[in-house]
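J.: One structure is given below, represented as structure tokens, and several questions about it will come after.
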Amino acid sequence: MIPWLACLALAFAPFSPTTPLSPQEQRALALQVTLDRAGFSPGEIDAHLGVNTMRASDAFRRGGGNPDAGGVPATMNYTITEQDAAGPFTPDIPSDLMQQAKLDALGYRNVVEALGEKFHVSPALLKRLNPSVEFKAGAQIAVPNVLDALQPAPPARGGRPTPDPSHPANILVTVSRSDSSLTLTDGEGHVLFYAPVTTGSEHDPLPLGDWTVTGVQHNPKFRYNPALFWDADASHSKATIPSGPNNPVGVVWIDLSKAHYGLHGTPEPGLIGHAESHGCVRLTNWDAAKVASLVRPGTRVVFRE
């Protein structure tokens with residue numbers, strides 16, 4: 035159950051200026067919050083009608099939902115806690131994996147990034163929602179009105195989740211390469227959860243076929259082996275990358291029966307569904323945590339075109 039393949043992003047997410055939201059962006063934000071709350075994740079909430087949001091909306095409609103119904107405010111008030119502000123943070127994270135291996139942990143860079151992950155929102159949008167706020171303990175901020183905010187304190191290292199007894203044991207996980215999506219369904223085909231994913235590349239294509247979950251590891255370390263990467267730096271050697279949300283595989287690794295492959299989180303949530311990977315299936319950290327709470331050893335996983 036060791037995450038050998040990082041499935042690293044091959045590009046960088048754009049950064050939006052701190053400006054008020056336009057009416058169109060406000061509508062996009064409301065749609066993204068509605069989808070997130072319904073279990074049809076748009077990925078990172080950014081107030082844009084991008085491909086992840088439109089695919090999630092289409093999936094919600096196919097499941098009988100109405101993404102235009104709304105019904106709840108798009109944002110809610112939240113008071114930054116001492117725990118939120120305390121970190122510990124890792125403000126300077128080198129891009130080179132050999133340099134990352136020298137660090138003690140790969141935590142959030144700052145409180146804005148931590149709160150962004152907690153409420154499924156891009157740091158840029160979080161700042162735009164709170165243009166005059168100093169992000170410190172006691173400050174009240176506006177955040178997306180999501181239901182299952184990602185908690186900043188992960189389970190103990192190596193800990194395994196206890197599946198919710200209300201969820202059926204015969205869950206099927208289907209990953210589609212053609213539309214960059216992951217869908218969890220029950221035995222009757224009802225959708226339990228949907229999320230955008232990044233799946234492989236020309237050099238490391240998704241291994242199509244049937245696999246099973248063999249285990250779940252929270253807050254994993256990453257065992258970097260450059261021999262497994264076609265584009266690895268020739269000067270690199272094997273290294274252990276410390277755990278943390280900015281670890282190459284994020285906050286959770288869901289191990290599969292296919293050697294070196296798994297479903298996992300990411301340090302770059304804004305790239306999910308857009309960038310390429312090194313073969314594995316990458317989700318936002320909060321979506322990966324959700325999937326981890328629903329699966330168990332033996333859960334069937336299908337990779338299809």
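So the sequence shown is numbered by the working numbering: it starts at 35 and just counts up by one. By construction, the Cβ of each residue, glycine as well, lies at the ideal position given by its N, Cα and C atoms.
1. For a test of the three-state rule: what should DSSP assign to Asn86, helix, strand or coil?
2. Can you give the beta carbon distance from His298 to Ile288, rounded, assuming they're within the 8 Å contact cut?
3. Considering only their Cβ atoms, is the gap separating Thr68 from Gly344 smaller than 9 Å?
4. When the Cα of Ser56 is compared with those of Phe169, Ser291, Arg162, Pro157, which residue comes out closest?
5. Quick check: the Cα distance between Gly243 and Arg338, rounded to an integer number of angstroms?
6. Out of Phe74, Leu63, Ile127, Asp102, which has the shortest C-alpha to C-alpha gap to Pro6?
7. What do you get for Pro54, buried or exposed, if any count of 16 or more other CB atoms within 10 angstroms of its CB means buried?
8. Rounded to a whole number of angstroms, what is the C-alpha to C-alpha distance between Asp321 and Asp102?
9. If contacts are defined as beta-carbon pairs under 8 Å, then Ser91 and Gly304 qualify, I think. What distance do you get, rounded to the angstrom?
10. Using the rule of at least 16 other Cβ atoms within 10 Å of the residue's Cβ for burial, across every protein chain shown, is Pro186 buried or exposed?
11. Measuring alpha carbon to alpha carbon, tell me which residue in Leu317, Gln117, Ser291, Ser271 is nearest Gln134.
12. What whole-angstrom Cβ distance do Pro241 and Tyr295 have, given they're in contact under 8 Å?
13. Anyone know if the C-beta pair for Tyr228 and Ser75 falls short of 9 Å?
14. Using only CA atoms, which one of His224, Asn100, Val315, Lys292 lies nearest to Ser210?
15. Have a look at Ala158 and Pro165 and give me their C-alpha separation to the nearest angstrom.
16. With C-beta atoms as the reference, is Pro254 less than 9 Å away from Val225?
17. Quick test of your reading: Phe123 and Gly141, contact by CB under 8 Å. State the CB separation rounded to the nearest angstrom.
18. Going by Cα to Cα distance, which pick from Arg95, Gly99, Gln58 is closest to His82?
19. Check Pro125 in the structure and name its three-state DSSP category.
20. Would you say Ala139 and Ser277 are within 9 Å of each other, going by their C-beta atoms?
21. Give the DSSP-derived three-state secondary structure of Pro48 in the structure shown.
22. In this structure, does DSSP put Asn319 in helix, strand or coil?
23. Check the DSSP bridge columns for Met110 and list the partner residues they point to.
24. Within 10 angstroms of the Cβ of Val301, are there 16 or more other Cβ atoms? Answer buried if so, exposed if not.
25. For Leu290, which residues in the same chain have their Cβ closer than 8 Å to its Cβ, ignoring the five residues on either side in sequence?
26. Within the same chain, show all residues whose beta-carbon is closer than 6 Å to that of Asn86, passing over the 5 residues directly before and after it, in chain order.
27. Give the DSSP-derived three-state secondary structure of Asp244 in the structure shown.
T.: Result, derived from the coordinates:
1. In the sequence shown, counting from the first residue as 1, residue 86 sits at position 52. Three-state DSSP puts Asn86 in a helix.
2. One-based indexing of the sequence shown puts residue 298 at position 264. One-based indexing of the sequence shown puts residue 288 at position 254. About 7 Å separates the two Cβ atoms, so the contact holds.
3. This structure does not reach residue 344, given that the chain is present from 35 up to 339, and the question cannot be answered.
4. The residue you call residue 56 lines up with position 22 of the sequence shown. Cα-wise, what sits closest to Ser56 is Arg162.
5. Residue numbering aside, residue 243 sits at position 209 when the sequence shown is read from its first letter. Residue numbering aside, residue 338 sits at position 304 when the sequence shown is read from its first letter. Between Gly243 and Arg338, the C-alpha separation is close to 6 Å.
6. Nothing in the structure corresponds to residue 6, since the chain is present only between 35 and 339.
7. Position 20 of the sequence shown, counted from the start, is the residue given in the question as residue 54. Around the Cβ of Pro54, a 10 Å sphere holds fewer than 16 other Cβ atoms; the residue is exposed.
8. Mapped onto the sequence shown, residue 321 falls at position 287. Mapped onto the sequence shown, residue 102 falls at position 68. Cα to Cα, the separation comes out at about 22 Å.
9. For this step, residue 91 is matched to residue 57 along the sequence shown. For this step, residue 304 is matched to residue 270 along the sequence shown. Not a contact, Cβ separation roughly 19 Å.
10. Reading the sequence shown from its first residue, position 152 is the one you call residue 186. Note on Pro186: pLDDT 45, under 50, position unreliable in the model; no value is reported.
11. What you label residue 134 is simply residue 100 of the sequence shown in a count that begins at 1. The shortest C-alpha separation from Gln134 is found at Ser271.
12. Within the sequence shown, numbered from 1, the residue matching residue 241 stands at position 207. Within the sequence shown, numbered from 1, the residue matching residue 295 stands at position 261. That pair is a contact at about 7 Å.
13. Here the question's residue 228 lines up with position 194 in the sequence shown. Here the question's residue 75 lines up with position 41 in the sequence shown. A contact, by the Cβ cut-off of 9 Å.
14. Counting from 1 along the sequence shown, the entry for residue 210 is found at position 176. Nearest option by C-alpha distance: Val315.
15. Here the question's residue 158 lines up with position 124 in the sequence shown. Here the question's residue 165 lines up with position 131 in the sequence shown. Going from the Cα of Ala158 to the Cα of Pro165 covers about 10 Å.
16. Locating residue 254 in the sequence shown gives position 220, counting from the first residue. Locating residue 225 in the sequence shown gives position 191, counting from the first residue. No; because the gap between Cβ atoms is not below 9 Å, this pair is not in contact.
17. Taking the first residue of the sequence shown as position 1, residue 123 is located at position 89. Taking the first residue of the sequence shown as position 1, residue 141 is located at position 107. Contact holds; Cβ gap of about 5 Å.
18. Taking the first residue of the sequence shown as 1, we reach residue 82 at position 48. Among Arg95, Gly99, Gln58, the Cα nearest to that of His82 belongs to Gln58.
19. Position 91 of the sequence shown, counted from the first residue, corresponds to residue 125. DSSP places Pro125 outside both helix and strand once states are collapsed to three, so it counts as coil.
20. In the sequence shown, residue 139 corresponds to position 105, counting from 1. In the sequence shown, residue 277 corresponds to position 243, counting from 1. Going by C-beta atoms, Ala139 is nearer than 9 Å to Ser277.
21. Locating residue 48 in the sequence shown gives position 14, where the first residue counts as 1. Since pLDDT at Pro48 reaches only 39, below the 50 mark, its modelled position is unreliable, and no value is offered.
22. Translated into the one-based positions of the sequence shown, residue 319 becomes position 285. Taken through DSSP and simplified to helix, strand or coil, Asn319 comes out as helix.
23. For the purposes of this step, residue 110 is identified with residue 76 of the sequence shown, where counting begins at 1. In the DSSP assignment, Met110 forms a beta bridge with Val177.
24. What you label residue 301 is simply residue 267 of the sequence shown in a count that begins at 1. In the sequence on display, residue 301 carries Pro and not Val. With a threshold of 16 other beta carbon atoms within 10 Å, Pro301 meets it and is buried.
25. Taking the sequence shown and counting its residues from 1, one reaches residue 290 at position 256. Cβ contact annotation for Leu290 (same chain, cutoff 8 Å, sequence separation greater than five): Trp245, Thr246, Val247, Thr248, Gly296, Leu297, Val335, in chain order.
26. The residue labelled residue 86 in the question sits at position 52 within the sequence shown. Answer for Asn86: Pro76, Gly77, Pro230, Gly307, listed in chain order.
27. In the sequence shown, residue 244 corresponds to position 210, counting from 1. Note: Asp244 maps to strand in three-state DSSP.
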